[in-house]
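Accompanying notes for the structure given below.
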Amino acid sequence: MELDARQRAMLEEMGIRVWMPLDTAPADDRAVSSSMPQEPSPGLRTGVAPSPAAADRPVRAPVPIAAAFSASPVALPRALPADIAAMDWDDLEAAVAGCQACGLCKSRKNTVFGVGHRQARWLIVGEAPGENEDLQGEPFVGQAGKLLDNMLMSLGRSRTADGEAQSVYVANVLKCRPPGNRNPAPEEVLQCEPYLRRQVALLQPRIILAMGRFAVQSLLQHSVPDVATLPLGRLRGQVHHYEGVPVVVSYHPAYLLRTPQDKAKAWEDLCLAQSLMADASAG
Ligand code: URA
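In terms of the numbering used here, the sequence shown opens at residue 424 and continues consecutively.
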C-alpha cells in the first residue's frame, strides 16, 4: 500500500512512524518493522516502527482461528427476533430510537444508531456512546473519534465518503450511553445485540474492525471459546468471523489515547484489514 505525503504526515502526527524502502529512507528510519504484509511495487509503503527487533521477525500471516485456540464449545447465537430480521435500514433506525428494552433508555439523551455509507465495505464496531455521542446522536465524535477518523483517513477512508470503496460504516455494540461511562452490563449487550446483527445483515460488509474488549467479546462470543477471558492482544493479527464476515481485532481508540505506544499495533491491524480487502478483490 502506498501512502502520499499527506497521509504519511497524518500518521506521523498521530505518533505512528511509517517506513520506506532502505534506499529512500532517511538513516534514522531504517531499523524498523517488516512485519506488515508487503507489496511488490516500489515507493512509500505502510509499516510501523514499534521496535527494532521486529525487523527480524517473519511476515505474520493471518492464522485461522481454529489453529490458535483449542476447541471448546461456544453457545450458538440466538435466533434474531422475526420483527428485527425483517427490518430495513429506516425501520431499524426507528426501532432503535424507540427502544426500551433495557434501563439505558431512561438516561439517554439520544440513541446512537450508526453513521456512514449504508453500503460501505468496512464496518467499524466500538463499544457504546459516551457523553458527546449521547448529546450528538453519532458514534465516535470525541477525541477518540478524531483519532479513529485520522487513522481511517490515512487509509483513504472516511465515514463521510460518498463512494462505497472509500467509505466506512461506524456503529457500537450498545446504542445508548451507559451513565457515567461505566462498562456495558451483560443484560444491556444481550438486549442490544440484535440491532448490530441486523445492521451487519443489511450492510453486508466485507470486513469488520472490532475495536476494544466489548466489541470483540460481543462479536466473537459465538466463535471464540473463552473470549471473555482472553487478552485482546492474543486475538489480534488473526482473521476471525462474525456471521460469515471476516473480523480483525484492534484496540479501542480511547485506549490508544491513553497508551500511545500501542498506536503502531493498531495501525498494523488496519493494514491487516486493508490487506484482506486487497486479497479479496484480487481473488
Ligand atoms: N467509544 C465507543 O466505543 N463508541 C463511541 O461511539 C464513542 C466512544
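Built from N, CA and C at the ideal position, the CB exists for glycine as well.
- Taking 7 Å as the cut-off, one finds no heavy atom of ligand 1 near enough to the beta carbon of F536.
- T534 sits buried, since 16 or more C-beta atoms from the chains shown fall within 10 Å of its C-beta.
- In this chain, the beta strand (DSSP E) harbouring Y665 covers H663 to Y665.
- Nearest C-alpha to P609 among I507, A509 and L597: L597.
- L503 and L575 have their C-alpha atoms spaced approximately 31 Å apart.
- Around R600, the same chain offers R531, P552 and D557 as residues with beta carbons nearer than 6 Å, after the five sequence neighbours per side are excluded.
- A689 has its alpha-carbon roughly 13 Å from the corresponding atom of R681.
- Taking 7 Å as the cut-off, the C-beta of N595 counts as close to a heavy atom of ligand 1.
- Along the region 556-636, the beta strand (DSSP E) occurs as fully enclosed runs of 3 or more residues at 591-595 and 630-634, listed in sequence order.
- Under DSSP, G549 takes part in a beta bridge, and its partners are N595.
- Within its own chain, the residues whose Cβ lies closer than 7 Å to the Cβ of P607, once the five positions on either side in sequence are excluded, are E550, A551, V596, L597, P601 and F637, listed in chain order.
- The residue among M433, A677 and A520 with its C-alpha nearest the C-alpha of N604 is A677.
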